[in-house]
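Numbering-wise, the sequence shown is residues 1 to 264 according to the working numbering.
Each remark here refers to the structure printed beneath this line.
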Amino acid sequence: MGDTAEKFKNETFQLISDIQQDLRNEWQSDEPSVNFFLLLGILLALIIYLVFITFYFSRIIGTILGYVITRFLRWRSGSSFVKVQIGSFSISILSGKIMVRNFTYTNNNLSFHINDGWLIFSYWRPVPKKCPPSKAMNSSRLHISLNGVKVHIYNRLDLYQLILKTAGQTVAAAKLSAEIGEDAAAAAAAQQRALRHQPPPDKLDEWWDNFWRLSGMIKLDISSGRIICGNHLMPCSFATVFEDLKSKIFLSDASNEQDRFMLK
């Protein structure tokens, strides 16, 4: 045992000595073929780049994107104000993984919060192209895992606005419009603009077909969550709590001629 350790030690010292001698000969020659300092700088830059890509790239990009999303991702949809907030965000390109913590989506109708979760997209798996989406559910490329899901639906203002848009200019409609802060004429104009910018049904169906071919069967895991419907002005409310939810979302052939596919 002692002889083996001594032999390994001698061979290591000999290897280091040979490397030093080669570098010394190369550097002291009249016309060195390699600039020693340039080679050393390239090696150091390569080591720093590999360490950055492996350990820090996803965190830095995630921090920047999280700040940008929290700071600027706010918009108004009709009379509803939408806000998105992210506590921390991380992206791993090699594994196709996106991790998020303290994600919150809020508008006038509901709030959606996630304590932490991750999404893995297996981009290395082949994607079938020339087949119906229902036949591409054999494999899963999208896996979502969430923890601490909280959904609270306060109002149904979208439904009330739809009734307002189709009810006409009545006194009750005008009063309801004033209460929800939306002018009926402006709402009708906004609806017309939305219809003009809405893609044709064929294009929309093609987009969804491509999405389901790309994702395949979606795996959804939720360790804990709760859903609450109602507010303090209503006489009753609905609430449900669940844990260790494991589900698979996929398309299958439709059971009738009116539908294209069936979502399960």
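Glycine included, every Cβ here is placed at the ideal spot set by N, Cα and C.
Being a predicted model, the structure only gives us computed values, none of them experimental.
Item: If you draw a straight line from the C-alpha of Y281 to the C-alpha of V51, how long is it?; Value: Missing from the structure shown is residue 281; the chain here goes from 1 to 264 and no further.
Item: What did DSSP end up calling G62 once you bin it into helix, strand or coil?; Value: helix
Item: Looking at S139: is its Cβ nearer than 8 Å to the Cβ of S92?; Value: no
Item: Using the Cα positions of S88 and R74, report the straight-line distance between them to the nearest angstrom.; Value: 18 Å
Item: Beta-carbon within less than 6 Å of N155's beta-carbon, same chain only, minus the 5 sequence neighbours each way: which residues are those?; Value: N109
Item: Do N107 and I86 come within 8 Å of each other at the CB atom, strictly closer than that value?; Value: no
Item: For the candidate residues M217, H232, K135, M99, whose alpha-carbon lies nearest to that of I114?; Value: M99
Item: Is R213 helix, strand or coil when you go by DSSP?; Value: helix
Item: By the 10 Å Cβ neighbour count, where 16 or more other Cβ atoms means buried, how is M311 classified, buried or exposed?; Value: With the chain running from 1 to 264 in the structure shown, residue 311 is simply not present.
Item: Given this structure, state the Cα-to-Cα distance separating L204 from I48, to the nearest angstrom.; Value: 46 Å
Item: Who are the near neighbours of I222 in its chain, counting only those whose CB is closer than 6 Å to its CB and skipping five residues on each side?; Value: L146, V149, L245
Item: For F55, which of I42, F72, Y67, S90 has the nearest alpha-carbon?; Value: S90
Item: Please report the distance separating the alpha-carbon of S252 from that of G117.; Value: 28 Å
Item: Between which two residues does the beta strand (DSSP E) harbouring R101 extend?; Value: 97-106
Item: On the DSSP letters alone, give me the boundaries of the beta strand (DSSP E) that C131 sits inside.; Value: It is not in any beta strand (DSSP E) - C131 carries neither H nor E in the DSSP assignment.
Item: Is the distance from the Cβ of S134 to the Cβ of F242 below 8 Å?; Value: no
Item: Got a sec? Which residues, its chain only, sit under 6 Å from F112 by beta carbon, not counting five neighbours each side?; Value: Y105, V151
Item: Using CA atoms only, rank isn't needed, just tell me which of Y160, K219, N210 is closest to I120.; Value: K219
Item: Between R226 and V127, how many whole angstroms is the CB-CB distance? I'm expecting something under 8 Å.; Value: Not a contact, Cβ separation roughly 36 Å.
Item: Restricting to Cα atoms, I'd like to know which of P235, L233, T240, F250 is closest to G216.; Value: F250
Item: Tell me which residue opens and which closes the beta strand (DSSP E) that C229 is part of.; Value: 218-229
Item: From the DSSP output, read off the bridge partner residues of D253.; Value: F261
Item: Less than 8 Å between the C-beta atoms of I61 and V84, yes or no?; Value: no
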